[in-house]
Amino acid sequence: MKEKIRIASGQGFWGDLIEAPYWQVTKGPIDYLVMDYLAEVTMSILQKQKNKNPDLGYARDIPGLMKKILPICKENGIKVITNGGGVNPVACAEAIIKVAKDIGIKNLKIGVVVGDDIKDKIDDVISAGCELNNMETGESVKTVKDKILSANVYFGAFPIVEALQIGAEIVITGRTTDTGLTLAPMIYEFGWKANNYNLMAAGTVAGHILECGAQSSGGNFLGDWQSLENMAEVGFPIAEAFPNGDVVITKHENTGGLVSFATVAEQLVYEIGDPKSYITPDCVADFSSIKLEDLGNNRVKVYDVKGNPETEFFKVSCSYASGYSAIGSLTYSWPQALTKAKAADKILRKRLENLNLKYDEIKTEFIGYNATQGPLSKELNEDDINEIMLRVAVRGKDYDSIERFGKEIAPLILTGPPSVTGFAGGRPKPSEVVAYWPALIPKKLVKPEVKLYEL
Amino acid sequence: MKIKLRDIAHARSGDKGDAGNVGVIAYDDKGFEIIRKHLSKERVKKHFEGICFGEVERYEMPNIRAINSLLHNTLGGGGTVSLKHDAQGKILASAMLRMEIEI
């Protein structure tokens, strides 16, 4: 057994710093590169791409990235684990095989985890007695069944462990928890048992710290952010994991940013509910048990994590079509910028009303005044306001009404208050609103499957 | 004496469906005693009047000197449905730090 392994985070979302995975495999030693590509909205986008072209539906950055890093990973024995397979992990693996051939790699084993996509099995699931009731409203999934765009189960670490056990050097999954990507190599390397919940929780916490990329190494840090150095070359976080469950969060030497008690603590509280009950398919981790010790020099020890048994359910996330929305904006300038923007909003709303257009919601925000902090925003002296961006958004079921909104905001340039500009983008177009339906499914109704693709 | 929350703590926020979570982390033990005492459900709900339209849940994390508040019915329907500029509640943390506390 290895004494320790180094697991490096390469992406916090699809759209994250493209160079980061390359930095992680070149700027210092690592054993695993883990990359989280999937936000909820990503799954529905990928599903739409797959509907148009059955060879797509995965994070298309991956083949290009692999072309760049695969020779380095092969040379140094670095394994890559990612959920960027999206709704088509098999196609993703095939694309990587093709790239590997192109650059002259002779042998490669790719493990693919499938079985999370239950979009075409919802009727079977309902017949088996699970109505995928919405976790927030309690309604049966039957109410939105016809509008479902994607439906995926969140798998945990163990299907990835299985792929590693059969020799995979790269593991591509569909919907897998972000935390499972980091926990899996620890289970595999250290032979951790599934019922050792403290160890499952230790790896899960490390996964939570890594899952948003640089958000634990100085990115979006609300502490003393101005003291951080060289953010242009921010070091993405690395978890040094030990067989007893201790983990040290660090980053490569000579990179920017900071790993400290404060930067790691901020990530620990990110998007959590009850800290005693952080639920994953692998365990229920107790975030209030975590001990953090700042060792200095960009090293923070995370230890003594407690965990409890996993639940009998997987989480399922379904996305479904829920009407349309459009957002338009105009910029008003001094003098009386805010008063002008407010007057323009009033005129726009009156015109929409006169046309008898109905929306589920119309929302107006004044960027530069209250768009991000609402009623908490400080009152401003009108003369001190240089400019205000009026931002109006509408949402509704009727496409034509949303489209007409786009046609009503543009004319404000010539038919409303003065000192207005910033309408270069043309009329705002309606975009489809994708809503989410979170539910639980008994684990026995779904089976993860691991396939091996070889070159 | 009035102190600003931002002088004794930092924070991070994010979304959980239509709820936003705000984790406030005190810089030291003394600061944690202050936020433990003053960041009650009621105080947080009142602070976010006109922003949070649901219940506030409150959790303590003494291990990292933090109080986590979960603000229900806050993000205008959540992530992809919300029309808000800050649909994911990223700014709730900064908004929380505007709070002033009488000690």
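Line by line, the protein sequences give chains A and B. For the first sequence, position 74 matches number 74 in this note's numbering, and the numbering has no gaps at all. One gets this note's numbering by counting positions in the second sequence from 1 and adding 1000 to each. Think of the CB as a built atom: it goes at the ideal place given N, C-alpha and C, for glycine as much as any other residue. Model, not experiment: these values are computed from the prediction.
Selected residue, minimal CA-CA separation from K378/A, among G256/A, V302/A, Y369/A:
Y369/A
With respect to the beta strand (DSSP E) encompassing S325/A, which residues constitute its N-terminal and C-terminal limits?
313-333
Going by CA-CA distance only, name the one from V305/A, Q165/A, W192/A that's closest to V450/A.
Q165/A
Given V205/A as reference, the closest of E408/A, S322/A, L268/A once Cα atoms are compared
L268/A
Quick check: the Cα distance between D31/A and G167/A, rounded to an integer number of angstroms?
15 angstroms
Would you call the CB atoms of N152/A and G174/A closer than 8 angstroms?
yes
Chain-order list of residues whose beta-carbon lies under 7 angstroms from that of G57/A (same chain, five-residue window excluded)
L46, Q47, Q49, K50, G86, V87, N88, A91
Stretch pair the stretch 254-262 of chain A + the stretch 219-231 of chain A: three plus CB contacts closer than 8 angstroms
yes
Residues of the stretch 1052-1063 of chain B with Cβ closer than 9 angstroms to any Cβ of chain A, in chain order
E1057, Y1059, E1060, M1061, P1062, N1063
Could you tell me which residues DSSP pairs with Y460/A in its beta bridges?
Limits of chain A in this structure are 1 at one end and 455 at the other, which puts residue 460/A out of reach.
Inter-residue spacing [alpha-carbon to alpha-carbon] between D178/A and M186/A
14 angstroms
When the Cα atoms are used, what is the spatial distance from V125/A to P438/A?
15 angstroms
With C-beta atoms as the reference, is K443/A less than 8 angstroms away from G115/A?
no
Strictly under 8 angstroms for the Cβ-Cβ distance: is F287/A near chain E by that measure?
Within the model displayed, chain E is absent; protein chains A and B are what it includes.
Can you list, in chain order, the residues of the stretch 1031-1051 of chain B whose Cβ is nearer than 9 angstroms to any Cβ on chain A?
H1047, F1048, E1049, G1050, I1051
Beta-carbon contacts of R1006/B that lie in its chain and below 6 angstroms, excluding the five residues immediately before and after:
L1097
For G223/A, decide whether its Cβ has a neighbour in chain B, counting only Cβ atoms nearer than 8 angstroms.
yes
Given that D102/A touches chain B, what residues does it touch there, using C-beta distances under 8 angstroms?
Those within 8 angstroms of D102/A in chain B number zero; the least Cβ separation is about 37 angstroms.
Which listed residue (K1090/B, E1102/B, E1100/B, I1101/B) has its alpha carbon closest to that of D1018/B:
K1090/B
With a threshold of 8 angstroms between beta-carbons, can S1094/B be considered close to chain A, or not?
yes
By the 8 angstroms beta-carbon criterion, what residues does the stretch 364-381 of chain A contribute toward chain B?
E365, I367, A371, T372, Q373, G374, P375, L376
Near-chain B residues of the stretch 136-163 of chain A (beta-carbon distance less than 7 angstroms), N- to C-terminal order
E136
Does the Cβ of M66/A have 16 or more other Cβ atoms within 10 Å, making it buried, or fewer, making it exposed?
buried
Below-8 angstroms beta-carbon distance, T1080/B vs any chain A residue
yes
Within 8 angstroms, strictly: CB atoms of V113/A and A163/A:
yes
Can you tell me whether D345/A is buried or exposed? The criterion is at least 16 other CB atoms within 10 Å of its CB, across all chains shown.
buried
Among the candidates E131/A, K106/A, I81/A, W14/A, whose CA atom is the shortest distance from the CA of L440/A?
E131/A
Bridge partner(s) assigned by DSSP for I81/A
V34/A, V171/A
Minimum Cβ-Cβ distance from L1005/B to chain A less than 8 angstroms
no
Where L355/A falls, given that 16 or more other Cβ within 10 Å makes a residue buried
exposed
What span of residues does the alpha helix (DSSP H) with R351/A cover, start to end?
337-354
Alpha carbon of K1030/B to alpha carbon of A1066/B, nearest angstrom:
12 angstroms
So if I threshold CB-CB distances at 8 angstroms, which residues from the stretch 395-421 of chain A count as touching chain B?
R395
At the 8 angstroms Cβ level, is D1015/B part of the contact set with chain A, yes or no?
yes
Label P21/A either buried or exposed according to how many other C-beta atoms from any shown protein chain fall within 10 Å of its C-beta, with 16 as the threshold for buried.
buried
Kindly indicate which three-state DSSP category N244/A falls into: helix, strand or coil?
coil
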